[in-house]
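There are 2 protein chains.
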Amino acid sequence: MTDTQIISVAALEDKVRSIFQSHGLTAANAQAVAHVIVAGERDNCKSHGIYRIEGCLRVLAAGKVTPDAVPEVVDSGKAVLEVDAHGGFSNPAFYAAKDALVARAKDTGLAALVIRDCLHFSALWHDVEALAEEGLAALSMCPSYSFVAPAGGKEPLLGTNPMAFGWPRAGAYPYVFDFATSVAARGEIELHRRAGTPIPEGWAVDRDGHPTTDPEAALDGAMLTFGGHKGSAISTMIELLSGALLGEFMSKEALDFMGGGDLLPRHGALILALDPTTFAARSGRDPIAEGERLLSAIPAQGARLPSERRFKAREAAMRDGILLSTAEMEQLDRFLREGLSATD
Amino acid sequence: MTDTQIISVAALEDKVRSIFQSHGLTAANAQAVAHVIVAGERDNCKSHGIYRIEGCLRVLAAGKVTPDAVPEVVDSGKAVLEVDAHGGFSNPAFYAAKDALVARAKDTGLAALVIRDCLHFSALWHDVEALAEEGLAALSMCPSYSFVAPAGGKEPLLGTNPMAFGWPRAGAYPYVFDFATSVAARGEIELHRRAGTPIPEGWAVDRDGHPTTDPEAALDGAMLTFGGHKGSAISTMIELLSGALLGEFMSKEALDFMGGGDLLPRHGALILALDPTTFAARSGRDPIAEGERLLSAIPAQGARLPSERRFKAREAAMRDGILLSTAEMEQLDRFLREGLSATD
Chain A
548 MTDTQIISVA ALEDKVRSIF QSHGLTAANA QAVAHVIVAG ERDNCKSHGI
598 YRIEGCLRVL AAGKVTPDAV PEVVDSGKAV LEVDAHGGFS NPAFYAAKDA
648 LVARAKDTGL AALVIRDCLH FSALWHDVEA LAEEGLAALS MCPSYSFVAP
698 AGGKEPLLGT NPMAFGWPRA GAYPYVFDFA TSVAARGEIE LHRRAGTPIP
748 EGWAVDRDGH PTTDPEAALD GAMLTFGGHK GSAISTMIEL LSGALLGEFM
798 SKEALDFMGG GDLLPRHGAL ILALDPTTFA ARSGRDPIAE GERLLSAIPA
848 QGARLPSERR FKAREAAMRD GILLSTAEME QLDRFLREGL SATD
Chain B
548 MTDTQIISVA ALEDKVRSIF QSHGLTAANA QAVAHVIVAG ERDNCKSHGI
598 YRIEGCLRVL AAGKVTPDAV PEVVDSGKAV LEVDAHGGFS NPAFYAAKDA
648 LVARAKDTGL AALVIRDCLH FSALWHDVEA LAEEGLAALS MCPSYSFVAP
698 AGGKEPLLGT NPMAFGWPRA GAYPYVFDFA TSVAARGEIE LHRRAGTPIP
748 EGWAVDRDGH PTTDPEAALD GAMLTFGGHK GSAISTMIEL LSGALLGEFM
798 SKEALDFMGG GDLLPRHGAL ILALDPTTFA ARSGRDPIAE GERLLSAIPA
848 QGARLPSERR FKAREAAMRD GILLSTAEME QLDRFLREGL SATD
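Respectively, the protein sequence lines represent chains A and B.
Counting the first sequence from 1 gives a position; the working numbering is that position plus 547.
Counting the second sequence from 1 gives a position; the working numbering is that position plus 547.
Dropping the structure here:
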């Protein structure tokens with residue numbers, strides 16, 4: 548008996564989709580959620596892979612996400628498209644609007660997608676990468692839970708507010724970055740607390756605003772943004788652009804709505820899509836070839852492109868399958884059985 | 548005899564406009580450049596105030612900027628507007644296109660302004676603040692000169708690539724940030740070199756990619772971005788969105804074109820304008836009031852909003868005038884005489 552198993556990407560996606568269908572998601576919703584979760588596992592982003600299933604099922608059990616929501620695309624004919632997730636997961640909403648967003652961006656040069664009222668659990672790279680594969684540059688951001696203090700402050704106000712960007716490359720994976728604007732994830736501080744080890748300096752302040760390496764004091768105080776006052780300004784911009792601008796929750800409201808940070812957050816998201824062909828047309832230059840001169844010069848000097856490790860993991864997974872522990876596989880089967888018994 | 552003098556904002560703007568007209572700028576170009584330079588001085592941004600006049604005159608003397616360029620607005624009717632500065636300063640180009648950008652953003656919800664082929668010397672806050680005063684959220688970015696290495700690298704490739712953001716507030720100065728994505732300005736390293744003092748850790752690497760506090764080694768090596776790999780990713784995004792996307796110079800080409808970093812750079816710029824009224828319409832919420840809940844909570848916990856000091860300096864300058872040294876005033880008069888004698 549071995550304690551690991553290999554499963555193909557397609558087989559894992561089937562299994563995860565079945566889990567979500569057995570928990571009441573429509574086929575379309577289960578497919579979208581499973582696709583994104585398995586993409587995370589495939590790329591060896593374990594924090595956004597099958598690990599997320601349990602979190603999704605807990606929100607379902609709490610009745611804080613609508614399993615059979617039907618995303619509604621609202622197209623005013625302007626440069627701003629909207630999709631109302633109607634309280635469902637964000638991923639089916641994105642897929643429901645993606646083709647319209649791509650078409651609008653190619654038509655107008657620049658378009659935005661507003662995702663309203665969604666349960667958000669996935670990394671943002673998935674969406675910007677999908678748009679980059681259509682030849683568009685894309686910028687995505689969303690609020691989260693207010694665990695982070697602004698620079699110079701001491702009270703939690705901002706979310707860990709992630710931001711992702713994608714840029715198309717010819718014959719290569721797109722240029723993609725995706726990161727939280729907090730120094731660390733809250734889960735990392737929690738791991739230090741459980742292990743009884745100090746957190747690195749610069750991660751957090753205590754409730755009086757003093758720097759702390761004590762994970763308890765950090766969880767009782769506030770996390771910090773990356774990059775000092777510059778990162779804090781960017782995080783504030785993300786609250787404004789993906790919260791206030793849209794008339795959707797900011798991070799503090801998202802936390803209040805869920806009654807604490809134990810469940811995955813519900814809020815909106817903003818995606819901007821820019822069409823290089825339109826923007827560069829009058830210059831007579833090829834924007835993708837120009838971008839390539841920059842991007843190829845980064846690994847040429849020994850530096851790493853963001854997402855490089857993720858794309859390598861993806862190639863291995865597509866070729867060899869995904870390695871899961873027997874405990875992970877058993878958990879998947881248990882999730883499936885629990886769902887089936889509840890719906891029978 | 549005193550070594551300082553007070554001059555009103557309006558009188559200083561008159562004087563600076565006269566200087567530029569005496570050096571061959573059209574009245575409209577001189578007015579735009581003078582307005583932005585005096586706005587910097589008024590806000591006590593000395594590095595972007597009248598200090599910049601000499602740099603502008605040097606580029607004029609080198610024949611690398613067109614003093615009588617007439618900005619040409621190109622409107623395809625899409626969400627992307629363009630203004631070709633035709634080798635002139637960026638500021639008249641922005642003013643030439645501003646009203647069209649505001650109107651388009653309010654019509655389509657989201658619009659971009661591409662500034663092509665401009666000589667760029669001014670802070671970006673000016674443009675995003677002007678758009679915020681029209682009720683729009685605005686994001687602006689541009690390349691500069693390639694003095695900065697990507698995270699993990701050692702060779703200059705990226706610019707100091709500034710980024711600015713503005714958000715409208717009711718009855719208050721807008722929320723505005725504007726910063727370079729490098730840790731420090733190149734001029735600050737130069738000042739340390741002249742003073743023979745070490746630079747702080749984290750500012751730069753030597754030509755072998757090792758961290759250095761030696762300003763000579765730093766100038767010979769590469770500067771670093773703020774925020775480690777996250778700041779480096781943002782700086783790369785700025786190269787792509789305000790260089791490659793537009794088919795305009797990236798920072799390396801800008802440096803090559805000018806034959807070194809002694810003169811102010813020539814490149815393009817990208818401004819995105821978002822209309823909160825359009826974006827929030829379907830939510831039934833007031834996006835400006837929502838933003839206010841976030842922004843008022845920042846000073847309430849003892850943290851500072853970006854630009855706070857600048858706005859305070861502005862109020863003092865508008866009320867009491869601007870304090871200049873006699874040496875500064877004499878230099879302004881000399882710039883004016885030199886221009887008049889050359890054009891006579």
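Beta carbons: idealized from backbone N, C-alpha and C, even for Gly.
The structure displayed is predicted, hence computed values, not measured ones.
Residue-chain proximity (residue i, chain B), Cβ-Cβ < 7 Å
{"i": "Gly-794/A", "result": "yes"}
{"i": "Gln-848/A", "result": "yes"}
{"i": "Ala-791/A", "result": "yes"}
{"i": "Ala-731/A", "result": "no"}
{"i": "Trp-672/A", "result": "no"}
{"i": "Lys-910/A", "result": "Residue 910/A lies beyond the residue range present for chain A, which begins at 548 and ends at 891; the question has no answer from this structure."}
{"i": "Ala-816/A", "result": "no"}
{"i": "Gly-682/A", "result": "no"}
{"i": "Phe-726/A", "result": "yes"}
{"i": "Glu-786/A", "result": "yes"}
{"i": "Gly-734/A", "result": "no"}
{"i": "Met-797/A", "result": "yes"}
{"i": "Ala-536/A", "result": "Because chain A in this structure spans residues 548 to 891, residue 536/A falls outside the shown range and cannot be described."}
{"i": "Lys-593/A", "result": "no"}
{"i": "Pro-697/A", "result": "yes"}
{"i": "Arg-558/A", "result": "It is Ala, not Arg, that sits at residue 558/A in the sequence shown. No, because no Cβ of chain B sits closer than 7 Å to the Cβ of Ala-558/A."}
{"i": "Ala-827/A", "result": "yes"}
Terminal residues of the beta strand (DSSP E) in which residue i lies
{"i": "Asp-725/A", "result": "722-727"}
{"i": "Ala-632/B", "result": "Looking at the DSSP string, Ala-632/B is not in any beta strand (DSSP E), and its letter there is neither H nor E."}
{"i": "Ser-687/A", "result": "684-688"}
{"i": "Ile-597/A", "result": "First-last for Ile-597/A: undefined, no H or E at that position."}
Contact with chain A by residue i, beta-carbon distance below 7 Å
{"i": "Thr-824/B", "result": "no"}
{"i": "Ala-801/B", "result": "no"}
{"i": "Ala-751/B", "result": "no"}
{"i": "Lys-653/B", "result": "no"}
{"i": "Arg-832/B", "result": "yes"}
{"i": "Leu-657/B", "result": "yes"}
{"i": "Lys-777/B", "result": "yes"}
Limits of the unbroken alpha helix (DSSP H) element including residue i
{"i": "Trp-714/A", "result": "Here Trp-714/A belongs to no alpha helix (DSSP H); instead the beta strand (DSSP E) covers 709-714."}
{"i": "Thr-825/A", "result": "823-827"}
{"i": "Ser-782/B", "result": "775-789"}
{"i": "Arg-741/B", "result": "733-742"}
{"i": "Ala-801/B", "result": "798-805"}
{"i": "Ile-920/B", "result": "For chain B, the structure presents residues 548 to 891; residue 920/B sits outside this window and is missing."}
{"i": "Gly-898/B", "result": "Here chain B has residues from 548 to 891 only, and residue 898/B is not among them."}
{"i": "Phe-567/B", "result": "556-569"}
{"i": "Pro-697/B", "result": "Pro-697/B -> no alpha helix (DSSP H), and no H or E assigned at all."}
{"i": "Ala-961/A", "result": "As displayed, chain A neither begins before 548 nor continues past 891, which places residue 961/A out of reach and without an answer."}
For this session: Could you say if the region 592-612 of chain A and the region 751-765 of chain A meet the contact criterion of at least three C-beta pairs nearer than 8 Å?
Result: no
Problem set entry | Residues, ordered as in the chain, of the region 598-629 of chain A that lie near chain B by beta-carbon distance below 7 Å | Val-621, Lys-625, Ala-626, Val-627, Glu-629
Problem set entry | Members of the region 803-814 of chain B near chain A, C-beta cut-off 9 Å | none
Problem set entry | Contact between the region 659-675 of chain B and the region 684-691 of chain A (3+ Cβ pairs under 8 Å) | no
Exercise. At a cut of 8 Å, does the region 878-885 of chain A reach the region 558-575 of chain A through at least three beta carbon pairs?
Worked result: yes
Problem set entry | Cβ pair count under 8 Å reaching 3, the region 859-874 of chain A against the region 581-597 of chain A | yes
Exercise. Okay, do the region 779-790 of chain B and the region 802-810 of chain A touch, 3+ Cβ pairs below 8 Å being the bar?
Worked result: no
Exercise. Would you call the region 726-736 of chain B and the region 674-686 of chain B touching, i.e. three or more CB-CB distances under 8 Å?
Worked result: no
For this session: Indicate whether the contact test is met: 3 or more Cβ pairs, each with one atom in the region 718-729 of chain B and one in the region 846-855 of chain B, closer than 8 Å.
Result: yes
Problem set entry | Those runs of the alpha helix (DSSP H) which lie wholly inside the region 829-871 of chain A and span at least 4 residues | 834-847, 855-867
Exercise. If contact means a Cβ-Cβ distance below 7 Å, which residues of the region 701-721 of chain B contact chain A?
Worked result: Lys-701, Glu-702, Leu-704, Phe-712, Trp-714
For this session: Quick one: which residues of the region 838-872 of chain A get their C-beta closer than 7 Å to a C-beta of chain B? List them in chain order.
Result: Gly-838, Leu-841, Ala-844, Ile-845, Gln-848, Gly-849, Ala-850, Arg-851, Pro-853
Exercise. Between the region 696-707 of chain B and the region 772-784 of chain B, are three or more C-beta pairs nearer than 8 Å?
Worked result: yes
Exercise. Which ranges would you report for the alpha helix (DSSP H) in the region 614-678 of chain A if only whole runs of at least 4 residues count?
Worked result: 637-655
Problem set entry | Cβ contact (3+ pairs, closer than 8 Å) linking the region 770-778 of chain B and the region 629-644 of chain B | no
Exercise. Of all the residues that make up the region 684-695 of chain A, which are near chain B by a beta-carbon distance shorter than 7 Å?
Worked result: Ala-684
Exercise. Closer than 7 Å, Cβ to any Cβ of chain B: which residues of the region 757-773 of chain A, in chain order?
Worked result: Phe-773
Exercise. So, do the region 739-747 of chain B and the region 659-678 of chain B have three or more beta carbon pairs nearer to each other than 8 Å?
Worked result: no
Exercise. Any contact of the region 865-879 of chain B with the region 553-563 of chain B, i.e. 3+ C-beta pairs under 8 Å?
Worked result: yes
Exercise. Just checking, does the region 758-767 of chain A make contact with the region 622-639 of chain A on the three C-beta pairs under 8 Å criterion?
Worked result: no
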